[in-house]
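As structure tokens, the structure follows; a few thoughts come after it.
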Amino acid sequence: MQVDELNWAILTRLQENARYSFAEIGREVGLSSPAVAERVKKMEDAGIIKGYKTQISYHRTGYQLKAIITLRAFMGRLKPFLEKVKEFKEVNNCYRITGNENIIMEVVLRDQVHLEEFIDKLITYGETKTHIVLSQVVDFAAINKSKIK
1 MQVDELNWAI LTRLQENARY SFAEIGREVG LSSPAVAERV KKMEDAGIIK
51 GYKTQISYHR TGYQLKAIIT LRAFMGRLKP FLEKVKEFKE VNNCYRITGN
101 ENIIMEVVLR DQVHLEEFID KLITYGETKT HIVLSQVVDF AAINKSKIK
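Note that UniProt numbering numbers the sequence shown so that position 53 is 53, with each residue one more than the last.
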């Protein structure tokens, strides 16, 4: 499916706020509400739009720490880890990467004790490095056409 200028305009609005109505988006991009709905449906069907999610403040839900943890898996422990990581409630995002480490995870934790307990679970799979997040400089930056060129 081709992502034309109008589709990019719709995607930009949805990334700003996925709760915008099709009528609101239509007014901004110069299309009718049904035309916007049809384009959104086509982009969903094509897998361009993967879903709609709610962003939650981890601080206001009782989690005091956000950390980035890398894992360098022990020989033969990467595949078991790739299955197990899906069960860890602390993990927000997990990526398999190139370089010295195999995995990078974004995690949220209640406190330092919770961090220690979580690292204890990880060290059976490999060597970890933990980086405590002090602040988030870029928050869910939108993907737009100008970034792709």
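Ideal Cβ positions, reconstructed from N, Cα and C, are used throughout, including at glycine.
- His59 is not bridged by DSSP to any residue.
- Contact check for Leu65 and Leu11: beta-carbon distance about 33 Å, past the 8 Å limit, so the pair fails to qualify.
- Going by C-alpha positions, Gln2 is about 38 Å away from Leu71.
- The three-state reading of DSSP puts Met43 in helix, counting H, G and I together.
- Looking at Val29, Val107, Phe81, Thr128, the one whose alpha-carbon comes closest to that of Asp4 is Val29.
- For Asn7, the three-state secondary structure derived from DSSP is helix.
- In chain order, Leu82, Asn102, Ile103 place their CB closer than 8 Å to the CB of Arg96, counting only its own chain and leaving out the 5 sequence neighbours on each side.
- Judged by DSSP in its simplified three-state form, Glu127 adopts strand.
- Per DSSP, the unbroken alpha helix (DSSP H) holding Val113 starts and ends at 112–122.
- For Val29, no pairing in a beta bridge is given by DSSP.
- A straight-line Cα-Cα distance of about 29 Å links His59 and Asn144.
- Per DSSP, the beta bridge partners of Tyr95 are Ile104.
- When beta bridges are read from the DSSP output, Ile69 appears opposite Met105, Thr130.
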